[in-house]
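Peer 1: Take a look at the following structure, please.
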Amino acid sequence: MGKKPTVGIFGFTGCAGCQLNILNIEDHLLDILGLVDITTWAMAKAENSPGPWDIAFVEGSIAKESEIERVKKIRENSGILVAIGACATHGGLPAMRNQRNVEEMKVTVYGDKTGHLDVLDQIMPVSHYVKVDAELPGCPMDKNEFVAAVQAIAVGKTPKIPNYSVCYECKIRENACLLKEGKFCMGPVTVAGCDALCPSRGATCEGCRGPVAQVNWGAEFKILKDLGATPEEIKRRFLKYCSSTATMPAFQELSF
Ligand code: SF4
Ligand code: SF4
65 MGKKPTVGIF GFTGCAGCQL NILNIEDHLL DILGLVDITT WAMAKAENSP GPWDIAFVEG
125 SIAKESEIER VKKIRENSGI LVAIGACATH GGLPAMRNQR NVEEMKVTVY GDKTGHLDVL
185 DQIMPVSHYV KVDAELPGCP MDKNEFVAAV QAIAVGKTPK IPNYSVCYEC KIRENACLLK
245 EGKFCMGPVT VAGCDALCPS RGATCEGCRG PVAQVNWGAE FKILKDLGAT PEEIKRRFLK
305 YCSSTATMPA FQELSF
């Protein structure tokens, strides 16, 4: 067997839950370590290589000036770069602050001691700053999807995510539709791949995997409006995980 591809795993602004999910793949960890050599992972290793890497997995959104430079360096030193988790793919929960005035927020949190902060006005996904070869969405990223992605990349393939909505997986599981119960489910506009995790447990889809390709925001808007959702509720649903991506202009075009 030839030399195993080297891997770096990196965290940016987020909760580090996707990296924790990688730590939690006990069942597949030995399989993964048989395929790749993880040379850099600050969360899990005491000694870390400065690169280069064949594959970089990048978690978290880009929220600071210093993170722009850091992600560019990782990109320059990596053969393939994969964004993992909603923060890295769509801005995620941190990007909710794109709706607020960052200068006011700085003062609210730090008072007159804001000089050391290098936060950007807008929090963006990784693809806003560097070329991304593949994205594994979700909050957190699905660990089975991560394992499948490593297996695919190790044999020279690009990881695939579904091009259909959570509703498809929900119907396959024969769940009762929550929209019919008057609940505000984002399944129709959210990309599948989680096996309809939330609706299968009676909870509405919150849209953590981001918009499905060719999403019809207008149709979802009408469904939620007909169910009695207020503009604030619809806005919160549409922008919760995706305040920095295509969802934002689509939302602004809607007329209440
Ligand atoms: S419960 Fe949600 S995900 Fe399931 S079919 Fe209804 S709208 Fe779609
Ligand atoms: S059902 Fe929706 S919110 Fe739940 S894991 Fe899947 S995409 Fe995320």
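Using my numbering, you'd call the opening residue of the sequence shown number 65 and step up by one each time.
Don't be surprised by glycine CBs; every beta carbon is placed ideally from N, CA and C.
1) What three-state label does DSSP hand Asp95 in the structure shown?
2) Taking buried to mean at least 16 other C-beta atoms within 10 Å of its own C-beta, is Leu181 buried or exposed?
3) Is Thr172 helix, strand or coil by DSSP?
4) Quick check on Val219: buried or exposed, where buried means 16 or more other Cβ atoms within 10 Å of its Cβ?
5) When every heavy atom of ligand 4 is checked, does at least one fall within less than 8 Å of the C-beta of Met169?
6) What number of angstroms, rounded off, separates the C-alpha of Ala152 from the C-alpha of Glu199?
7) First and last residue of the beta strand (DSSP E) that includes Val214?
8) First and last residue of the alpha helix (DSSP H) that includes Lys128?
9) Using the Cα positions of Asp91 and Ala212, report the straight-line distance between them to the nearest angstrom.
10) For ligand 2, list every residue whose C-beta falls under 7 Å from any of its heavy atoms, going in chain order.
11) Return yes when the C-beta of Leu242 is under 8 Å from any heavy atom of ligand 1, and no when it is not.
12) Pairs of beta-carbons, one from the stretch 94 to 109 and one from the stretch 164 to 175, closer than 8 Å: are there three or more?
13) Does DSSP put Ala147 in a helix, in a strand, or in coil?
Peer 2: On the basis of the coordinates in this document:
1) Working through the sequence shown from its first residue, we reach residue 95 at position 31. Helix at Asp95.
2) Residue mapping note: residue 181 aligns to position 117 of the sequence shown, counting from 1. Leu181 should be labelled exposed.
3) Looking up residue 172 in the sequence shown gives position 108. Thr172: helix per DSSP, three-state reduction.
4) Numbered from 1 along the sequence shown, position 155 holds the residue referred to as residue 219. So Val219 ends up on the exposed side.
5) As for ligand 4, it is missing from this structure, which binds only ligand 1 and ligand 2.
6) Position 88 of the sequence shown, counting from 1, holds the residue named residue 152. Position 135 of the sequence shown, counting from 1, holds the residue named residue 199. Cα to Cα, Ala152 sits roughly 8 Å from Glu199.
7) Taking the sequence shown and counting its residues from 1, the one referred to as residue 214 is at position 150. Not the beta strand (DSSP E): Val214 falls in the alpha helix (DSSP H), residues 207 to 218.
8) Counted from its first residue, the sequence shown places residue 128 at position 64. No alpha helix (DSSP H) contains Lys128, which is instead part of the beta strand (DSSP E) from 126 to 128.
9) The residue labelled residue 91 in the question sits at position 27 within the sequence shown. The residue labelled residue 212 in the question sits at position 148 within the sequence shown. Spanning the two alpha carbons is a distance of roughly 13 Å.
10) Gly202, Cys203, Val230, Met250, Gly251, Thr254, Cys258, Ala260, Leu261, Cys262, Pro263, Cys269, Glu270, Gly271, Cys272, Arg273
11) In the sequence shown, the residue the question calls residue 242 occupies position 178. Leu242 Cβ: within cutoff of ligand 1.
12) no
13) The sequence position of residue 147 within the sequence shown is 83, counting from 1. Of the three classes helix, strand and coil, the one that applies to Ala147 here is strand, per DSSP.
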